[in-house]
Amino acid sequence: MRWPEVWARVPEELLERLMCELDAAPSDPSQRVVRTENVVWIRRRARRLTRSRLIGVAAAGVLVATAGGVWMVGDRVDTYSSTLAGTSLAEGARGRVELRDTASGVEIILDTTDLPAAPAGRYYQGWVKGNRGLVSIGTFHLRGGPSEIVLWSGVDLTDFPTISVTLESEGNGPQSSGQVVLSGPVPGEFR
59 MRWPEVWARV PEELLERLMC ELDAAPSDPS QRVVRTENVV WIRRRARRLT
109 RSRLIGVAAA GVLVATAGGV WMVGDRVDTY SSTLAGTSLA EGARGRVELR
159 DTASGVEIIL DTTDLPAAPA GRYYQGWVKG NRGLVSIGTF HLRGGPSEIV
209 LWSGVDLTDF PTISVTLESE GNGPQSSGQV VLSGPVPGEF R
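Going from the sequence shown to the numbering used here is simple: count from 1 and add 58.
What follows is the structure in structure tokens.
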């Protein structure tokens, strides 16, 4: 609630009287006597506002600490990592994947080294592979330079123990070209 009298400009005369009273007041707080009703009112209001602010800040601090603790415990997800090796199509390339099982699926963060940007008209596609076939986990091109790539799997990786990246041509449809540039295992702890 906003009180207009609190936010109103203090009249110069009142401010001068207040300053005189404070200058003339003894240094011992128990000896201070304020004679002006307005000054007493201002002091009481200031104390109330200070207490209210302190209570509000304390409550906000407790709320933030509690929410942070719940977030840290509630969102704690194990991360597993593995490496991908370059093939004859990208001999110097390497990759590192971090996998997190989330409520939406498996988040796969791919960080590549020495994998060149896909040429115009081409792109990279990530896959998980197993006895049940191939499942796409996303596409990327790296034309803006190397960066963290976030891929997603909606299938249980127990059945798809290999991660690979292929070089694809635009317009060739959803099937894999078979041009594997990176390949490696899904981390054993994850399966």
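Ideal placement from N, C-alpha and C gives every residue a C-beta, glycine not left out.
Inset, instruction - Can you have a look at residue 141 and say buried or exposed, based on whether 16 or more other CB atoms are within 10 angstroms of its CB? - result: With fewer than 16 other beta carbons inside 10 angstroms of its own, residue 141 counts as exposed.
Legend entry - Where residue 180 falls: helix, strand or coil (DSSP): Residue 180: strand per DSSP, three-state reduction.
Inset, instruction - Give the DSSP-derived three-state secondary structure of residue 158 in the structure shown. - result: Residue 158 falls in the strand class under three-state DSSP.
Legend entry - Proximity below 8 Å, CB of residue 175 to CB of residue 201: Yes.
Inset, instruction - Please confirm whether residue 228 and residue 181 have their CB atoms less than 8 Å apart. - result: Yes, Cβ-Cβ distance for residue 228 and residue 181 is below 8 Å.
Inset, instruction - Would you decide whether residue 208 is buried or exposed? Buried here means 16 or more other CB atoms lie within 10 Å of its CB. - result: By the neighbour-count rule (16 or more Cβ atoms within 10 Å), residue 208 is not buried but exposed.
Legend entry - Residues of its chain near residue 154, where Cβ-Cβ distance is below 6 Å and the 5 sequence neighbours each way are ignored: The answer, listed in chain order, is 141, 169.
Inset, instruction - Would you list the residues sitting across from residue 204 in a DSSP beta bridge? - result: According to DSSP, which records beta bridges pairwise, residue 204 is partnered with nothing at all.
Inset, instruction - Note the first and the last residue of the continuous beta strand (DSSP E) segment covering residue 143. - result: Run containing residue 143: 137-144, per the beta strand (DSSP E) assignment.
Legend entry - Anticipated Cβ contact below 8 Å, residue 193 with residue 218, distance rounded: Beta-carbon to beta-carbon, residue 193 and residue 218 are separated by about 6 Å, close enough to satisfy the 8 Å threshold.
Inset, instruction - Just confirm the distance between the C-beta atoms of residue 144 and residue 240, as a whole number of angstroms; I'd bet it's less than 8 Å. - result: About 6 Å; that satisfies the 8 Å criterion.
Inset, instruction - Taking the CB atoms as reference points, tell me whether residue 157 and residue 164 lie closer together than 8 Å. - result: When the beta-carbon positions are compared, residue 157 and residue 164 come within less than 8 Å of each other.
Legend entry - Through-space distance from residue 146 to residue 198, alpha-carbon basis: In a straight line, the C-alpha of residue 198 is about 20 Å away from that of residue 146.
Inset, instruction - Rank 206, 183, 213 by C-alpha distance to the C-alpha of residue 190 and give the top, closest one. - result: The option with the nearest alpha carbon to residue 190 is 213.
Inset, instruction - Go ahead and label residue 226 buried or exposed: buried means 16 or more other beta carbons lie within 10 angstroms of its beta carbon, across all protein chains shown. - result: By the Cβ neighbour-count rule, residue 226 is buried, with 16 or more other Cβ atoms within 10 Å of its own.
Legend entry - Through-space distance from residue 179 to residue 244, alpha-carbon basis: Distance between the alpha carbons of residue 244 and residue 179: 29 Å.
Inset, instruction - Using a threshold of 8 Å, state whether the C-beta atoms of residue 223 and residue 188 are closer than that. - result: The Cβ-Cβ distance between residue 223 and residue 188 does not fall below 8 Å.
Inset, instruction - Please work out which residues of its chain come closer than 7 Å, Cβ to Cβ, to residue 203, disregarding the five sequence neighbours upstream and downstream, and give them in chain order. - result: Counting only residues of its own chain and dropping the five nearest sequence neighbours on each side, residue 203 has no CB closer than 7 Å to any other CB.
Legend entry - 8 Å Cβ cutoff met for residue 166 and residue 206: Contact: no.
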